[in-house]
Amino acid sequence: MALQGVGGPEARARALRKGRRMLDALDRLQLAMLGEGPSKGHLALLKGALEEQRDATGDIGLDDTLNWAEVRIAVEAAKLEREAEAA
């Protein structure tokens with residue numbers, strides 16, 4: 000029974016929701032960078048997108064895309080933190 004949840008439809012649905020939140024955070028950051036510049040709120044949004052844990056879905060493409068998004072968000076959050084410390 001415990002193995003049924005691993006990579007099942009629930010894990011995939013959670014992963015898709017997390018993926019949408021991560022892409023939304025990156026989109027908002029991109030728009031901010033094209034406009035007035037990112038704020039502390041953008042940093043919080045990025046960090047919040049990373050906090051939620053996820054399980055492997057069993058879908059290699061989805062898992063790879065989520066891994067890429069997590070790395071991209073971690074890099075952008077680190078850059079924003081560094082810029083905030085320098086200011």
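Here numbering that gives the first Met the number 0 is used: the first residue of the sequence shown is 0, the next is one more, and so on.
Positions of the beta carbon are idealized from the N, C-alpha and C atoms, including for glycine.
Return yes when the Cβ of residue 11 is within less than 8 Å of the Cβ of residue 53, no when it is not.
On the sequence shown, residue 53 is found 54 positions in, with the first residue counted as 1. On the sequence shown, residue 11 is found 12 positions in, with the first residue counted as 1. Going by C-beta atoms, residue 53 is not nearer than 8 Å to residue 11.
The stretch 40 to 49 in contact with the stretch 66 to 85 per 3-pair CB rule at 8 Å
Contact between the stretch 40 to 49 and the stretch 66 to 85 is present, because at least three Cβ pairs lie under 8 Å.
8 Å contact criterion, which residue 27 and residue 44 should meet: CB distance rounded:
As a position in the sequence shown, residue 27 is number 28, starting the count at 1. As a position in the sequence shown, residue 44 is number 45, starting the count at 1. Rounded, the Cβ-Cβ distance is 6 Å, consistent with contact.
Measuring only the C-alpha atoms, how far is residue 62 from residue 23?
Numbered from its first residue, the sequence shown carries residue 62 at position 63. Numbered from its first residue, the sequence shown carries residue 23 at position 24. Looking at the two C-alpha atoms, the distance is approximately 18 Å.
Helix, strand or coil for residue 35? Go by DSSP, reduced to three states.
Here residue 35 refers to the residue found at position 36 of the sequence shown. In this structure, residue 35 counts as coil in the three-state DSSP scheme.
Three-way DSSP call (helix, strand, coil) for residue 40 in this model:
Counting from 1 along the sequence shown, the entry for residue 40 is found at position 41. Residue 40: helix per DSSP, three-state reduction.
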